[in-house]
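Asks: Letter by letter, the sequence shown follows residues 104 to 252 of my numbering. Right, I'll just put the structure down here and ask away after.
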Amino acid sequence: MKDLGETFFVLGIKILRDRSHGVIRLSQENYIDKVLARFGMKDSKPRDTPIAKGDKYSLKQSPNDDLERNEMQKIPHASTMRSLMYAQVCTRPDIEFVMGVLDRYLSNPGMQHWKIVKRVMHYLKRTKGYMLTYQKSNMLTPNFVLSYK
């Protein structure tokens with residue numbers, strides 16, 4: 104086995120270390136840019152929040168007839184959700200709640216659910232520079248926070 108030195112990039116995650124301060128930052132900025140480009144959201148308007156206050160979500164917003172289902176089949180809802188879930192699991196716990204809400208309707212998503220997915224992408228566009236930051240501590244539990252460059 105050959106030692107290749109420090110890892111700086113793995114599985115779409117950029118690793119930034121500051122050994123003197125005991126800090127490791129994980130960034131998916133490049134990954135988010137690729138997701139936005141893939142789904143035609145690169146030039147979208149950035150949003151401050153991933154979900155709007157007061158929005159209601161229910162099964163009633165799912166397609167009720169074949170016409171609505173056929174319309175939703177043209178939309179890359181499932182592949183977009185998978186891409187967002189990868190970001191959520193790796194470095195973006197800030198979108199965990201909204202992704203949990205959207206996951207409930209994954210088997211039969213409606214146009215309203217797709218609008219929420221797009222809003223999450225608008226939010227990620229604005230916050231793509233956020234990094235999951237781990238800091239060395241004497242505590243037994245890990246110490247992490249979302250931070251900006």
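Built from N, CA and C at the ideal position, the CB exists for glycine as well.
Under 6 angstroms Cβ to Cβ from LEU119, same chain only, skipping five residues before and after it: list those, please.
Replies: Around LEU119: ARG128.
Asks: To which residues of the same chain is ARG229 closer than 8 angstroms at the C-beta, ignoring the five residues directly before and after it?
Replies: So the list reads PRO149, ARG150, ASP151, once near-sequence residues are dropped.
Asks: Taking the continuous beta strand (DSSP E) assigned at ASN183, which residues delimit it?
Replies: Here residue 183 turns out to be Thr, not Asn, going by the sequence shown. Element bounds for THR183: not the beta strand (DSSP E) but the alpha helix (DSSP H), 180-193.
Asks: Around the C-beta of LYS231, are 16 or more other C-beta atoms found within 10 angstroms, so that it is buried, or is it exposed?
Replies: Label assigned to LYS231: buried.
Asks: Fully enclosed by the region 116-176, which alpha helix (DSSP H) runs are 4 residues long or longer?
Replies: Runs found: 132-141, 169-176.
Asks: When the Cβ atoms of the region 197-217 are set against those of the region 164-175, are three or more pairs found closer than 8 angstroms?
Replies: The region 197-217 vs the region 164-175: in contact.
Asks: With a CB to CB cut of under 6 angstroms and the five nearest residues on each side skipped, what residues in its chain are close to SER186?
Replies: Hits under 6 angstroms: VAL138.
Asks: The alpha helix (DSSP H) spanning THR230 covers which residue range?
Replies: Looking at the DSSP string, the run of the alpha helix (DSSP H) that includes THR230 is 214-230.
Asks: So who's on the other strand from PHE112, going by DSSP bridges?
Replies: BP columns for PHE112 point to LYS117.
Asks: Using CA atoms only, rank isn't needed, just tell me which of GLY108, PHE200, ASN167 is closest to SER210.
Replies: Among GLY108, PHE200, ASN167, the Cα nearest to that of SER210 is on ASN167.
Asks: Thinking C-alpha only, which one of TYR226, MET202, THR194 is nearest VAL113?
Replies: The candidate whose alpha carbon is nearest that of VAL113 is THR194.
Asks: Do ILE154 and VAL204 have their C-beta atoms within less than 9 angstroms of each other?
Replies: Against a cut-off of 9 angstroms, the Cβ pair of VAL204 and ILE154 comes out as a contact.
Asks: Going by DSSP in three states, ASP106 sits in which element: helix, strand or coil?
Replies: ASP106 falls in the coil class under three-state DSSP.
Asks: Between which two residues does the alpha helix (DSSP H) containing ASP206 stretch?
Replies: Start and end: 199-206.
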